[in-house]
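These notes concern the structure reproduced below.
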Amino acid sequence: MSTPVTGYAKKRKPSSPLSAKLTTSKFMDDDTIRILDQIHEILSTKAPEALPLLDKFVSKFPSLSAEIVEAEKRPRSVVIYGVPEADSKLSATSRQVHTENFVSGILDALDVETRPVEIFRMGKPVDGKPRLVKCVFSTRFYSSEMLARSHRLRDLPSYKNVYVRKSMTTEEREEYRELRKTAREMNLKEGSGERIYVVYRNKVVKAADIQSRNGSITKNF
877 MSTPVTGYAK KRKPSSPLSA KLTTSKFMDD DTIRILDQIH EILSTKAPEA LPLLDKFVSK
937 FPSLSAEIVE AEKRPRSVVI YGVPEADSKL SATSRQVHTE NFVSGILDAL DVETRPVEIF
997 RMGKPVDGKP RLVKCVFSTR FYSSEMLARS HRLRDLPSYK NVYVRKSMTT EEREEYRELR
1057 KTAREMNLKE GSGERIYVVY RNKVVKAADI QSRNGSITKN F
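Residue numbers for the sequence shown follow this note's numbering, beginning at 877 and rising by one.
This is the structure:
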C-alpha cells in the first residue's frame, strides 16, 4: 500500500538578480554568494537606494581577486632585464624554451638550486629591445637568494648585460624608474657612463660603498 502524499514539496525561492549574476563567477564560492544575496534582499526592503552601491562593490571582485593573487606572488618573483629574444621565425614554444634555457643558465651561474614555477616575457615584442622576463619561484627564499647573488652576473661575459630586480607594484616601478634615471645621469656626469652609482634599497648610492653581510657588493640595478 502506497503512502499517501500529505503535502507538496517546498518551492525554491527565486534567486535575486544579484545571485543569478554571481553564480557564474569563478571568484566566489557558494557561501559568499549566499551572504551577498541575503544582503541584497535586506537592502531591497530596507534601503533600496543602496542597491547600486552593492552592485558596484560586487563588480570589483574579479579585479580584487587578481590583485590578491598578484600580491601573493610578488615576494617570490623577480624581473630580469637583458634576456635575448629568440629568432622570431621560431615557433612560439621554441621561443619559450629559449627563454627558459637562458634563465636556467642564469640560475646555474648564481648557483641557485631551484626551478621557477613560472617564466614568461612581459609585454609585446619591440624590435631591437628584449622584453623583460618574469620568474615566479615556489617560495620567496629563492627570489631573495637570486637577488642577493645577482651582482655576480656583471663579472660573467655571458651575462654582463643582464640585471635582476625584485617584482614591484606600479607605484614602486615608477619610483624605481626615477631612481635609475638619476643614477644614469650621475654616472654620465661623474663617471663618463661608467656604473659608479646604482639603485640599492630604494636609494641611489655608490656601488663601492655597498657591502653585504658576507663582504661582497650587492646591487639592485
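Using N, Cα and C, we set each Cβ at its ideal position, and we do this for glycine too. Quick caveat: nothing in here was measured; it's all calculated off a predicted structure.
Spatially closest choice to ASP987 from ASN1078, GLU1051, SER1020 and GLY1004, by CA coordinates:
SER1020
Counting along the chain, where does the beta strand (DSSP E) carrying ASN1029 start and finish?
According to the sequence shown, residue 1029 is Leu rather than Asn. From DSSP, LEU1029 is part of no beta strand (DSSP E); its letter is neither H nor E.
Could you work out which residue in ASP984, VAL979 and PRO1006 is closest to GLU994 when comparing CA atoms only?
VAL979
Backbone secondary structure at ILE1072 - three-state DSSP:
coil
Does DSSP classify SER964 as helix, strand or coil?
coil
6 Å Cβ shell around ARG971 - same chain, five flanking residues per side excluded
ALA962
What residues in its chain sit with their C-beta under 6 Å from that of PHE1017, if we drop five residues either side in the sequence?
none
In this structure, what does DSSP give as the bridge partners for LYS1079?
TYR1076
Between TYR1039 and LEU1008, which are expected to be in contact by the criterion C-beta below 8 Å, what is the C-beta distance as a whole number of angstroms?
Their Cβ separation, rounded to whole angstroms, is 10 Å, which puts TYR1039 and LEU1008 out of contact at 8 Å.
Kindly indicate which three-state DSSP category ARG1007 falls into: helix, strand or coil?
coil
Report the rounded CA-to-CA distance for ASP1031 versus ARG950, giving the unit in angstroms.
28 Å
Where ARG1053 and ILE915 are concerned, what is the direct C-alpha to C-alpha distance, given to the nearest angstrom?
44 Å
So what's GLU948 in DSSP terms, helix, strand or just coil?
helix
CB contact flag (ILE1072, ASN1078, <8 Å)
no
Would you check if the distance between the CB atom of VAL954 and the CB atom of LYS1042 is smaller than 8 Å?
yes
How close, in whole Å, do the beta carbons of ARG997 and THR975 come, if the pair is a contact with beta carbons under 8 Å?
6 Å
Over what stretch of residues does the alpha helix (DSSP H) that includes ARG1016 continue unbroken?
1016-1025
My guess is that LEU1055 and VAL1075 are in contact by the Cβ rule of under 8 Å, so how many angstroms apart are they, rounded?
5 Å
Of all the CB atoms in chain B, is at least one closer than 8 Å to the CB of SER1043?
Within the model displayed, chain B is absent; a lone protein chain is all it includes.
Relative to the C-alpha of ARG1025, which residue among GLU948, GLU989, LYS965 and ASP931 is closest?
GLU989
Is it right to say ALA1083 is buried, meaning 16 or more other beta carbons lie within 10 angstroms of its own, or is it exposed?
buried
Hey, how far is the Cα of VAL934 from the Cα of THR908?
11 Å
Can you tell me which of the three DSSP states PHE996 falls into?
strand
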